[in-house]
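Chains as they are written, first to last, in this note's numbering: chain A, 1 to 239; chain B, 1001 to 1326.
Cβ atoms here follow ideal geometry from the backbone N, Cα and C, with glycine treated the same way.
These numbers were taken from a predicted model, which means no experiment stands behind them.
Next up, the structure:
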């Protein structure tokens, strides 16, 4: 496990990125998560952030604090040496992947691009929904917006590129497709993904200690609900 | 003991050093655009370095103090005044109860900061007072201030609130070394070498202008169109404050405090941390030039700035203590 190839490069003067691959692949992302959990459970001093992505993990550090404690070394070199050492160690692999079920209402009112995507794919709408709900997706990373999970891989039959012109406003909870990725907008935001439905669940709840429903490494499964169920779930939440 | 917002200004938000440790959830650090100004303001009134401050653009807010308070104004100079008395930046100032603090024009810079001794009574979100406008969380109800908002002042053990006279204390924080003007120094990003030789040259010689669609998320730049020699397929990964990305139209964007946590555009370079305060004080229509430096220089400059800040804090403690003894 520790022998997988990687490169480390500076991302400005207070962060570095460990690149573990150059593709969106489950195996690479598993290694990303393994390193992420290893560094979370056994932290390196002076590290302020760990940001896992598809095939990389970025480490943000306090350069001044490192320089004060280790004079004579550059903060980047010190951190790189620490990480190189850690990457040689075996990960314990002792982290569980959660399976999160997310209800989605695929009504055209809430999924304004569903019909367009069906036409683009040459499939009936019901088949698009079946294919979207058929499999579990991996949360490869979270970015773009607070709690926005990039999930993959969408069945090749229902892949569609982003919209040429992003919408000025996509409603919170909207479920979209962009190429092989699927995702959910946690807050109202401009956005270019093909919107096929909406979940009544809050992806971001700022009153909670863990404010985001999804975390990197989770497995997600969608299931179809009616407009009535959608409204019921949405209303029960706001009471 | 509170401050009443009479006029909110165009975008006045509560900020601190940022929300650290949540970028893996897509929650960006945010925080003051000009961190050195925020830290200086707090040092001048003997607050902890990360105490919440007000950050404001011009037109700036009009604020009524319902209790006497020690304050400091740093960053941009917007010709502040209280009851007709002009107030300088970078000094501790006592303003009496009933004072109306207002800003009368743009003298220098883009972002002003106001620290109040003892800080403000606010609820933290994820260990920070910074306002996250996207998540509508942190700061004051997760939004920019509005007319009629009332900010409650914390008590401070050293607070003197009885004086009825406005006084500018006779010492100044020297902040010049925090501010680099043009050119701004960058270290090359991962994709810098993918630029054509001509584009690499243009990036340094060309000059850029900050476009109107610029905000706390990033500065959109207008300049020479840059080209990559190869169209490399980019996979999204983390970005940082100061990262310069190349957009598909050949123009650049510099990411600022409220940047997205991840991005998929080629990274031309990263403005060094030591030059970010100066960049934060640039605004729409200002021109920028870039000059290449190396990581070692960037770290050395950061260390020098941190040491200067520490000296500044020590000096403020000595001066304010001496003042209180008299």
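Interface residues of chain A facing residue i [CB-CB closer than 7 Å]
| i | result |
| --- | --- |
| residue 1261(B) | 51 and 143 |
Neighbour flag for residue i against chain B, beta carbons, 8 Å
| i | result |
| --- | --- |
| residue 12(A) | yes |
| residue 147(A) | yes |
| residue 251(A) | With chain A covering only 1 through 239, there is no way to say anything about residue 251(A). |
| residue 1(A) | For residue 1(A), the predicted model reports a pLDDT of 45, less than 50, meaning its position is unreliable; a value from the coordinates is still stated below. Taking Cβ atoms only, chain B never reaches closer than 8 Å to residue 1(A), which makes this a no. |
| residue 56(A) | yes |
| residue 187(A) | yes |
| residue 105(A) | no |
| residue 237(A) | no |
| residue 163(A) | no |
| residue 190(A) | no |
| residue 123(A) | no |
| residue 98(A) | no |
| residue 24(A) | yes |
| residue 204(A) | yes |
| residue 67(A) | yes |
Within chain B, the residues that residue i reaches when beta carbons sit closer than 8 Å
| i | result |
| --- | --- |
| residue 17(A) | 1190, 1237 and 1238 |
| residue 75(A) | 1299 |
| residue 48(A) | 1020 and 1021 |
C-beta neighbour in chain A for residue i, strict 8 Å
| i | result |
| --- | --- |
| residue 1299(B) | yes |
| residue 1134(B) | yes |
| residue 1019(B) | no |
| residue 1124(B) | no |
| residue 1023(B) | yes |
| residue 1303(B) | yes |
| residue 1027(B) | yes |
| residue 1187(B) | yes |
| residue 1137(B) | yes |
| residue 1010(B) | no |
DSSP bridge partner residues for residue i (one or two, in chain order)
| i | result |
| --- | --- |
| residue 159(A) | None, per the DSSP bridge assignment. |
| residue 1000(B) | In the structure as shown, chain B begins at 1001 and stops at 1326. Residue 1000(B) is therefore absent and cannot be evaluated. |
| residue 1011(B) | Paired residue(s): none; residue 1011(B) is not in a bridge. |
| residue 1056(B) | 1012(B) and 1112(B) |
| residue 104(A) | 224(A) |
| residue 132(A) | In the DSSP output, where bridge partners are listed per residue, residue 132(A) has none listed. |
| residue 1035(B) | Residue 1035(B) pairs with nothing; no bridge assigned. |
| residue 1150(B) | 1004(B) |
| residue 1245(B) | 1253(B) and 1267(B) |
| residue 1069(B) | 1095(B) |
| residue 1133(B) | DSSP output for residue 1133(B) lists no bridge partner at all. |
| residue 140(A) | Answer is none; residue 140(A) lacks a bridge partner. |
| residue 1125(B) | 1128(B) |
| residue 212(A) | 204(A) |
Beta-carbon proximity of residue i to residue j, cut-off 8 Å
| i | j | result |
| --- | --- | --- |
| residue 1351(B) | residue 1241(B) | Absent from the model: residue 1351(B). The displayed extent of chain B is 1001 to 1326, so no value can be given. |
| residue 1135(B) | residue 1014(B) | no |
| residue 1194(B) | residue 1226(B) | no |
| residue 1002(B) | residue 1094(B) | no |
| residue 1021(B) | residue 56(A) | no |
| residue 1140(B) | residue 1153(B) | no |
| residue 1068(B) | residue 1163(B) | yes |
| residue 1281(B) | residue 1102(B) | no |
| residue 146(A) | residue 104(A) | no |
| residue 106(A) | residue 196(A) | yes |
| residue 1043(B) | residue 1053(B) | no |
| residue 158(A) | residue 131(A) | yes |
| residue 1117(B) | residue 1005(B) | no |
| residue 184(A) | residue 149(A) | yes |
| residue 1077(B) | residue 1277(B) | no |
| residue 34(A) | residue 1025(B) | no |
Neighbouring residues, chain B, relative to residue i (Cβ below 9 Å)
| i | result |
| --- | --- |
| residue 159(A) | Within chain B, no residue comes near residue 159(A); the closest Cβ sits about 16 Å away, beyond 9 Å. |
| residue 30(A) | Under the 9 Å cutoff, chain B gives no residues; its nearest Cβ is about 16 Å from residue 30(A). |
| residue 184(A) | Within 9 Å Cβ-Cβ: nothing; residue 184(A) doesn't reach chain B, min ~12 Å. |
Distance cut-off 7 Å: residue i Cβ against heavy atoms of the ligand MN
| i | result |
| --- | --- |
| residue 1149(B) | No copy of the ligand MN occurs in the structure displayed, which carries no ligand at all. |
Cβ separation of residue i and residue j, assumed to be a contact under 8 Å, to the nearest whole Å
| i | j | result |
| --- | --- | --- |
| residue 1113(B) | residue 1122(B) | Actually they are not in contact, since the Cβ atoms of residue 1113(B) and residue 1122(B) sit about 16 Å apart, beyond 8 Å. |
| residue 1062(B) | residue 1100(B) | 7 Å |
| residue 1191(B) | residue 1266(B) | 4 Å |
| residue 1290(B) | residue 1203(B) | 6 Å |
| residue 189(A) | residue 220(A) | 19 Å between Cβ atoms; not a contact. |
| residue 1036(B) | residue 1309(B) | 7 Å |
| residue 1032(B) | residue 1055(B) | 6 Å |
| residue 53(A) | residue 1237(B) | 4 Å |
Listed by chain order, chain A residues near residue i by CB distance under 8 Å
| i | result |
| --- | --- |
| residue 1295(B) | 10, 13, 74 and 76 |
| residue 1306(B) | 64 |
| residue 1273(B) | 12, 13, 14 and 63 |
Residue i: contacting residues in chain B (beta-carbon distance under 7 Å)
| i | result |
| --- | --- |
| residue 216(A) | 1024 |
Taking a cut of 7 Å between CB atoms, which residues from the stretch 1242 to 1271 of chain B lie near chain E? Among the protein chains of the structure shown, namely A and B, there is no chain E.
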